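Chains as they are written, first to last, in our numbering: chain A, 1 to 86; chain B, 87 to 560.
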């Protein structure tokens, strides 16, 4: 992934990660999506998701950043910011 | 003041009258003063350690927000959280004989400590601003409907409501009264009736074998559910009439098809608390340790839930048993998913079978939770198995002893409750009572009023021999 990664690229790659972690090939991300909208998205699978994101985008996320996330859009914004400042 | 006493209902009526007649901006102050008055019934001196905890959380949250350096922020957050938790552990688990005074262990210490810890950490993580209004924060920690046994509400959720209270409408009053009546019904009709037999069995387990122990094994989860969710219903109903929507604590826990789902449906305000402040931070810290990190985090989380009840080998065993159950569930999740995808015919059976298995795992864990000692728990588990013939004679003995009356009343009431709940879920119209047909609305009002009258009558009748709530002691 290039340093000039845009939101669309982040969203596309993130969709692939979500599909793999939650074992759902049809899953489509929406900006306002939360854990309540995805079957199997609980506290434990969330960490699996974070680990996959960190490995895939070569970034490190902190506990405070995770705690402040309130939907998928906030997650995409955070990943985008981290990738840009890498 | 017990939630099932007439004095409490009188106190609540006064509180509702005060809160609905004062200006909105004075709502935090009035709730604080009412909560102090409620507390004073128990022991006014207990307000000293409680006030100290509030001031510590208030000051450290403001400090965290003002501090520029990350080190100072971390020091303030972890310093104050350590102090709050250490005070809880020291005071609560000090043997009664070594306590200088009972008031040093304030009523609801486990609940307000967890509320204040979550407040400090939420400010530290930037999830909410530090509260400037000390009165509002103190009213959050002391809020009297929630101080006895929760639910453990988050500060942001409470503070926004206490600042902008809605006027008390008839709909809110009816919802609150209905919830309170439901709580009284669960406690006085279900829990206390089942409890008569079970308390006798758990009081002297070595005197029993066979059917009474089997009864204790299968019925204690129902007694605890009716007792604790009844207490929560009274708390939620009372808070609702004072303008505060509380979080739910139970969501049909015995319908869970696996043990992890059960923990998402049982004592939810505590389990979501431990997920946010214990499990997630530990999982993040150990995320690259693979399965060991997962099992370690689950163990720490379940132990926090278990030992929050008190430091005792019975609670430790309860935590250990559930750590094992939840770990196996988490480690086999992927395999089960793959199996059910390949064998869809098994999926329907997994629902029923899963619920039955989960109930047995829960009942097994609760034996350790309820027994006086670990050896008592093992006695129950070893001696409840008897041949069918002996079981029939045991049941006959139980019937002859007269103890079956209360069990039948309790279990019939529980069955009624479950049937009513099934109807409620299948009839979405009742979710919006105000918009429903007049006959239906008034039927609900009539049933609620009847339950309240029955509850009140039972409160008067059993006033002198009141059974305390199982969760009041935490």
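We put the CB at the ideal spot given by N, CA and C, even for glycine.
On a predicted model such as this, the values are computed, not experimentally measured, just so you know.
Report the three-state DSSP secondary structure of residue i (helix, strand or coil).
i              : result
residue 71(A)  : coil
residue 294(B) : coil
residue 507(B) : helix
residue 344(B) : coil
residue 100(B) : helix
residue 76(A)  : helix
residue 57(A)  : helix
residue 134(B) : helix
residue 370(B) : helix
residue 336(B) : coil
residue 108(B) : coil
residue 167(B) : helix
residue 395(B) : coil
residue 388(B) : helix
residue 23(A)  : coil
residue 445(B) : helix
residue 80(B)  : Since the first and last residues shown for chain B are 87 and 560, residue 80(B) lies out of range.
residue 279(B) : helix
residue 8(A)   : helix
residue 522(B) : coil
residue 215(B) : coil
residue 91(B)  : coil
residue 34(A)  : coil
residue 66(A)  : helix
residue 352(B) : coil
residue 285(B) : helix
Would a check of beta-carbon distances place residue i closer than 8 Å to chain A?
i              : result
residue 416(B) : yes
residue 373(B) : yes
residue 550(B) : A caution first: residue 550(B) carries a pLDDT of 49, below 50, which makes its placement in the model unreliable, though a value can still be read off. It does not; no Cβ of chain A falls within 8 Å.
residue 351(B) : no
residue 212(B) : yes
residue 361(B) : yes
residue 367(B) : yes
residue 201(B) : no
residue 470(B) : no
residue 370(B) : yes
Counting only beta-carbon atoms, is residue i nearer than 8 Å to chain B?
i             : result
residue 64(A) : yes
residue 68(A) : yes
residue 23(A) : yes
Take residue i and list the residues in its own chain whose beta-carbon comes closer than 7 Å to its own, dropping the five residues that flank it on each side.
i              : result
residue 372(B) : 379, 382, 383
residue 456(B) : 288, 306
residue 77(B)  : Because chain B is modelled from 87 through 560, residue 77(B) falls outside the range shown and cannot be assessed.
residue 259(B) : 327
residue 65(A)  : 78
residue 261(B) : 326
residue 33(A)  : 71, 72
residue 415(B) : 344, 345, 346
Whose C-beta lies closer than 6 Å to the C-beta of residue i among residues of the same chain, with five residues either side of it excluded?
i              : result
residue 74(B)  : Residue numbering for chain B in the displayed model covers 87 to 560; residue 74(B) lies beyond these limits and cannot be assessed.
residue 3(A)   : Residue placement at residue 3(A) is flagged as unreliable, the pLDDT there being 48, under the threshold of 50; the coordinate-derived value follows with that caveat. Around residue 3(A): no qualifying Cβ.
residue 73(A)  : 31
residue 82(A)  : 59
residue 408(B) : 388, 451
residue 537(B) : 267, 271
residue 47(B)  : In the structure displayed, chain B extends from 87 to 560; residue 47(B) sits before or after that span and is not available.
Mind checking if residue i is an interface residue toward chain C, Cβ cutoff 8 Å exclusive?
i              : result
residue 388(B) : Protein chains A and B are contained in the structure displayed, whereas chain C is not.
For residue i, which residues of its own chain have a beta-carbon under 8 Å away from its beta-carbon, when the five flanking residues on both sides are left out?
i              : result
residue 151(B) : 209, 215, 216
residue 135(A) : With chain A represented from 1 up to 86, any question about residue 135(A) goes unanswered, as that position is not in the structure.
residue 52(A)  : 17, 20, 21
residue 292(B) : 462, 465
Q) Going along the chain, which residues of the stretch 38 to 58 of chain A sit with their C-beta nearer than 9 Å to a C-beta in chain B? A) The stretch 38 to 58 of chain A vs chain B, Cβ under 9 Å: 40, 42, 43, 44, 45, 46, 47, 48, 50, 51, 54.
Q | Under 7 Å (Cβ pairs) to chain A, residues found in the stretch 420 to 449 of chain B | A | So the close ones are 423.
Q. Any residues in the stretch 306 to 331 of chain B with a beta carbon nearer than 8 Å to a beta carbon of chain A? Which ones, in chain order?
A. Cβ contacts with chain A: none found.
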